Amino acid sequence: MTAEQHDDQLHEDQQPADQHDELAALPHTAGGAPHSPPRGPFRAGDRVQLTGPKGKLTTLSLETAGEYHTHRGVLRHDDVIGQPDGSVIRASTGDEYLALRPLLNDYVMSMPRGAAIVYPKDAAQIVAFADVFPGARVVEAGVGSGALSLFLLRAIGPTGRLQSFERREEFAAIARGNVGTFLGAVPDNWSVTVGDLVEELPDATEPQSVDRVVLDMLAPWECVDAAADALVPGGLIVCYVATVTQLSRTAEALRDTGRFTDPQSSETLVRTWHVEGLAVRPDHRMVGHTGFLVTARRLADGVVLPNLKRRAGKAEFSDEDVEAWTPGAVGERSASDKKLRKVARQAAAQARKVAAAEAGAAQPGPVEGDR
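Here the UniProt record's numbering is used: the first residue of the sequence shown is 1, the next is one more, and so on.
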């Protein structure tokens, strides 16, 4: 067994409490999300996105004396450190790599994952359709790997408040690490509660005190009543679901409460284009279906939504139909606990590296008289 394998096995044998203590040690900020994209030359601890000769993207963290190995040679991290953003770096073979700091959408596509992420195209629609604004009080359920949390934190700004709920401690740990890595620290205007939203939300918020609720989970219909209790009149709920059966049951659950406007449903497809000279055509591949969004507004207490005039249709369903929409029937793929613990450690370690780099950059350098 190699030293690396021994160290990995040692971590796997530790108790979950050790993992919790490790994540609790992540740096925090006093106040809201402080992040603004880094500027200036690359430094150790920064993440860099390298574009290779064939257009392949690689994201890595810079380390002093570190090396990036490919089948075509080696690129030294020290050759990147100190260079300005947008530089071209040569590998040992002479191959050129474009070095850029990754954008938020680049980061979420390459960060450690324990659960499937909300893709940037859907996160953008959630922020837009939910009208998430600076200073908003937002509740998020199903934190996953923290991708949507990052978009929401950026939208609410330092004066807003994001409360995230996650049933699995492993997912919550990965999300904390990923958010800490990108922002340089875990912001104090973001909390992650491990537990069921229906049970935890009443104790975490006052009734009618939340502006927006975002549900990204297998069975959001189970949380509709709890969300309605927390939302202010006129507040908005957004549910992100993957299948048509989930879409149908979620929409019907919102209607059945009588506390929301008629739900609106949509999906977003992204098709990129190849544009080179006179060769202008759609790309052969596109980002197709990832999920559906269901949105509705909270009605004032005691208000009855006027009936909409509709054509007769197949709006009725039986108990057998409902049974086919249960979470067990829908199915859920989940990673093993061992893998989740490993990803959580990776995310936490990366967050500490970024925090150390930020702390080093903040220290004043020697003045002329000290040399």
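Just so it is clear, CB atoms sit at the ideal spot from N, CA and C, and this is done for glycine as well.
Since this is a predicted model, take the numbers as computed values, not measurements.
Beta-bridge partners of residue i, as assigned by DSSP
i	result
Leu293	Tyr240, Ser266
Gln163	Val139, Ser191
His71	The partner list for His71 (beta bridge, DSSP) is empty, contrary to what the question assumes.
Ile89	Tyr97
Val354	The partner list for Val354 (beta bridge, DSSP) is empty, contrary to what the question assumes.
Val132	Its beta-bridge partners do not exist; DSSP assigns none.
Arg43	Answer is none; Arg43 lacks a bridge partner.
Val303	Per DSSP, none; premise fails for Val303.
Val287	Val270
Arg345	Paired residues: none, contrary to the question.
residue 388	The question about residue 388 has no answer, for the chain in this structure spans 1 to 371.
Which listed residue (the options) has its alpha carbon closest to that of residue i
i	options	result
Met286	Gly277, Arg271, Leu278	Arg271
Arg168	Ser336, Ala359, Phe151, Glu63	Ser336
Asp106	Ala115, Asp95, Tyr119, Gly94	Tyr119
Thr93	His289, Pro53, Ala99, Val108	Pro53
Arg39	His69, Asp85, Arg281, Ala99	Asp85
Leu197	Arg176, Ala355, Val224, Phe133	Val224
Gly45	Gly55, His71, Leu57, Ile81	Ile81
Gly177	Phe292, Ala348, Ala91	Ala348
Leu299	Ser265, Ser266, Gly235	Gly235
Leu231	Met217, Pro41, Leu218, Leu201	Leu201
Ala204	His284, Leu104, Glu140, Arg90	Glu140
Val143	Glu199, Phe182, Leu215	Leu215
Phe292	Ala65, Asp122, Thr51	Asp122
Phe133	Phe42, Pro220, Asp211	Asp211
Thr59	Leu104, Pro233, Gln83	Leu104
Arg341	Pro41, Glu170, Asp262, Leu75	Glu170
Gly302	Val213, Ser191, Gly258	Gly258
Glu206	Pro187, Gln163, Val244, Val194	Gln163
Thr268	Ala279, Thr290, Pro282	Thr290
Gly195	Pro187, Ala172, Asp188, Val213	Ala172
His77	Ala130, Thr243, Ser110, Arg43	Arg43
Met109	Asp131, Arg345, Gly360, Phe182	Phe182
Val213	Ala296, Arg281, Ser265	Ala296
Glu222	Thr245, Arg249, Thr243, Ser209	Arg249
Ala356	Gln49, Ser61, Leu57, Lys56	Ser61
Leu254	Arg345, Ala226, Trp273	Ala226
Whether residue i touches residue j by CB criterion (8 Å)
i	j	result
Leu102	Arg47	In the sequence on display, residue 102 carries Pro and not Leu. In this structure, Arg47 lies closer than 8 Å to Pro102 by Cβ.
Glu358	Gly73	no
Val241	Leu247	yes
Gly135	Val179	no
Leu148	Ile126	yes
Val294	Ala228	no
Ile174	Val343	yes
Gly160	Val138	yes
Asp262	Leu305	yes
Tyr97	Thr64	no
Leu152	Pro187	no
Where the alpha helix (DSSP H) through residue i begins and ends
i	result
Gln125	120-129
Ala279	No alpha helix (DSSP H) holds Ala279; the beta strand (DSSP E) holding it covers 279-282.
Thr181	169-183
Val198	197-204
Asp224	Note on identity: in this sequence residue 224 is Val, with Asp being the wrong assignment. Counting along the chain, the alpha helix (DSSP H) containing Val224 begins and ends at 224-230.
For residue i, the three-state DSSP class (helix, strand or coil)
i	result
Leu100	strand
Phe260	strand
Asp78	helix
Asp337	helix
Ser110	helix
Arg154	helix
Gln246	helix
Glu22	In this predicted model, Glu22 has a pLDDT of only 48, less than 50, meaning its place in the structure is not dependable enough to derive any value.
Pro233	strand
Gly144	coil
Pro34	At Pro34, the pLDDT of 49 sits below 50, so the modelled position is not reliable; the number obtained from the coordinates is stated separately. Coil at Pro34, not helix or strand.
Ala312	Residue placement at Ala312 is poorly supported in this model, since its pLDDT is 49, which falls under 50; the coordinates still yield a value, given next. Coil, per DSSP.
Ala3	For Ala3, the pLDDT reaches just 41, beneath the cut-off of 50, and the residue's location in the model is therefore unreliable, leaving the point undetermined.
Residue span of the beta strand (DSSP E) that contains residue i, given as start and end
i	result
Asp216	210-216
Leu57	57-61
Val48	47-51
Val275	273-276
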